[in-house]
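Here the structure is laid out as structure tokens; the discussion comes afterwards.
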């Protein structure tokens, strides 16, 4: 009768006399591996095996930083066409590209690196460095005229021509400009200060809040706000 081996283990034909030794070796290999044969993966010399993450996913070696969308510190959307943040860097380039920015306003004391300037130029983003001194008791007070100039630049932005306003950490100086914009938009002081505290955290400056409270938008600010209101 024909052999009745299982599907995984077909019946074997009679072995020849010359194959006894090979059959014995085969049985030993089968017993040691319990029917499973493992393959070794040989990594060629000079190549590097990617490091896997704890969950087994590919490590950073398999990905480029340019594929990651990393927002700048304290990034936020103020309104359509207006964004705020801390000082942006190389790791934020891909994220900034997604915003479709047309202009950037730097309120900090730091100038852009050549790499940052190249990125802005390559992407058709105009930039302006307008140093704004922060409110620091008892000697330093933010210049209201300077804030007014920054606010005018912000008011010119639209959904089609967005702007990013930033200082070093995206907290106090940026918050003063945004707070003055909220005054122009007739937000209540309670709402303005709530927004201020969300970005300032524990480092709330009372002078900043006083500055925002007593800031008076000019007729030019109101005219520009009215002109671009429908596009923001």
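Residue numbers (this note's numbering): -3 to 228.
Beta carbons: idealized from backbone N, C-alpha and C, even for Gly.
For clarity, every value in this text was computed on a predicted model and none was experimentally measured.
Proximity test, residue i beta-carbon vs the ligand NAP heavy atom, cut-off 6 Å
i: residue 186; result: Annotation note on the ligand NAP: not contained in the displayed structure, which lists no ligands.
Whole-number beta carbon distance between residue j and residue i, since they are thought to touch under 8 Å
i: residue 210; j: residue 171; result: At roughly 15 Å, the Cβ-Cβ gap does not stay under 8 Å, so residue 210 and residue 171 are not in contact.
i: residue 225; j: residue 156; result: That pair is no contact at about 14 Å.
i: residue 125; j: residue 88; result: Residue 125 to residue 88, Cβ: 18 Å. No contact.
i: residue 107; j: residue 123; result: Actually they are not in contact, since the Cβ atoms of residue 107 and residue 123 sit about 10 Å apart, beyond 8 Å.
DSSP state of residue i mapped onto helix, strand, coil
i: residue 143; result: helix
i: residue 102; result: strand
i: residue 92; result: helix
i: residue 123; result: strand
i: residue 188; result: helix
i: residue 48; result: Only weak support exists for where residue 48 lies, its pLDDT of 46 falling under 50; the coordinates are left without a value.
i: residue 110; result: helix
i: residue 195; result: helix
i: residue 168; result: helix
Residue nearest to residue i in terms of C-alpha spacing, selected from the options
i: residue 221; options: 207, 99 and 181; result: 181
i: residue 68; options: 203, 76 and 84; result: 84
i: residue 173; options: 204, 190, 154 and 199; result: 204
i: residue 130; options: 186, 115 and 164; result: 164
i: residue 148; options: 72, 70 and 223; result: 223
i: residue 92; options: 71, 76 and 109; result: 71
Residues that DSSP places opposite residue i in a beta bridge
i: residue 75; result: 78
i: residue 206; result: BP columns for residue 206 are empty, so no partner.
i: residue 237; result: The requested residue 237 does not occur in the structure, where the chain is confined to residues -3 to 228.
On the three-pair Cβ rule with 8 Å, is the stretch 150 to 169 touching the stretch 78 to 86?
Counting Cβ pairs under 8 Å, three or more are found: they touch.
Counting pairs of Cβ atoms below 8 Å between the stretch 107 to 122 and the stretch 138 to 153, do you hit three or more?
The stretch 107 to 122, when compared against the stretch 138 to 153, does not touch it at the 8 Å Cβ threshold.
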